Amino acid sequence: MHVVHHSSEHYNLSTALRQPVAEGVTWTVPYGLLALIGIRPSAIENARALNLVYQFWIHTEVVRSIGWLGRVLNTPSHHRVHHGSNRRYLDRNHGSILIVWDRIFGTFEPEGEPVVYGLTRNIDTNNPARIATHEWRDIARDIAGSRTWSDRFGYLVRGPGWAYSRRPAAAV
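The opening residue of the sequence shown carries number 152 in the working numbering; numbering runs sequentially from there.
Here it is, written out as structure tokens:
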């Protein structure tokens with residue numbers, strides 16, 4: 152679902168607004184589970200709203216650094232890496248507000264080389280229907296072309312860095 156958000160080859164505040172229509176379906180499970188264990192739906196909604204507000208401002212190339220706060224908080228620089236299609240930037244800097252989790256789990260990557268925005272295979276269209284659905288078609292093609300059940304499952308649930316390394320060079 153999230154690939155829609157990453158499909159823009161430009162990085163600015165409007166990129167923050169490029170959200171998948173069907174993402175509401177994928178968020179139902181984790182947020183539903185939080186509600187089932189007793190967290191008030193209003194608290195869940197407020198946390199989601201705070202997260203979305205924070206996420207908006209980090210979609211910029213204008214802010215280069217926020218100083219020492221970047222050791223703890225996700226910054227525009229950290230998030231630019233997250234949006235990069237450069238091989239070294241794939242599957243990096245997942246943190247929404249805090250970047251400490253990426254530092255702890257080894258998924259942190261500082262911004263070094265210039266970031267190339269977009270997908271590992273750009274789709275070259277502005278058609279909203281194609282933008283919203285192309286990844287489903289690509290996943291189906293990858294699964295159909297897989298030789299093992301492990302790879303089929305991987306194409307369904309793992310990230311672009313994993314898939315990138317398994318596709319033939321011509322398909323990447």
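All C-beta atoms in this analysis are idealised placements derived from N, C-alpha and C, irrespective of residue type, glycine included. Bear in mind the structure is a predicted one, so any value in this text is a computation, not a measurement.
Please state the DSSP three-state secondary structure of residue i.
i	result
Tyr-205	helix
Asp-331	Since the first and last residues shown for the chain are 152 and 323, residue 331 lies out of range.
Thr-258	coil
Ile-217	coil
Who does residue i pair with in a DSSP beta bridge?
i	result
Gly-235	Tyr-268
Leu-249	Leu-224
Tell me the rounded alpha-carbon separation between residue i and residue j.
i	j	result
Ile-217	Ser-297	44 Å
Gly-235	Gly-269	7 Å
Ser-193	Thr-179	15 Å
Thr-299	Arg-309	15 Å
Out of the options, point me to the one whose CA is closest to residue i's CA.
i	options	result
Met-152	Arg-317, Ser-165, Phe-304, Ile-282	Ile-282
Glu-212	Gly-257, His-161, Leu-220, His-157	His-161
Asp-293	Asn-273, Gly-310, Thr-284, Ala-314	Ala-314
Gly-175	Glu-196, Ala-295, Arg-191	Glu-196
Ile-209	Thr-258, His-233, Ser-301	His-233
| field | At least three beta-carbon pairs within less than 8 Å, the stretch 247 to 257 to the stretch 265 to 280 | value | no
| field | Cβ pair count under 8 Å reaching 3, the stretch 223 to 240 against the stretch 258 to 271 | value | yes
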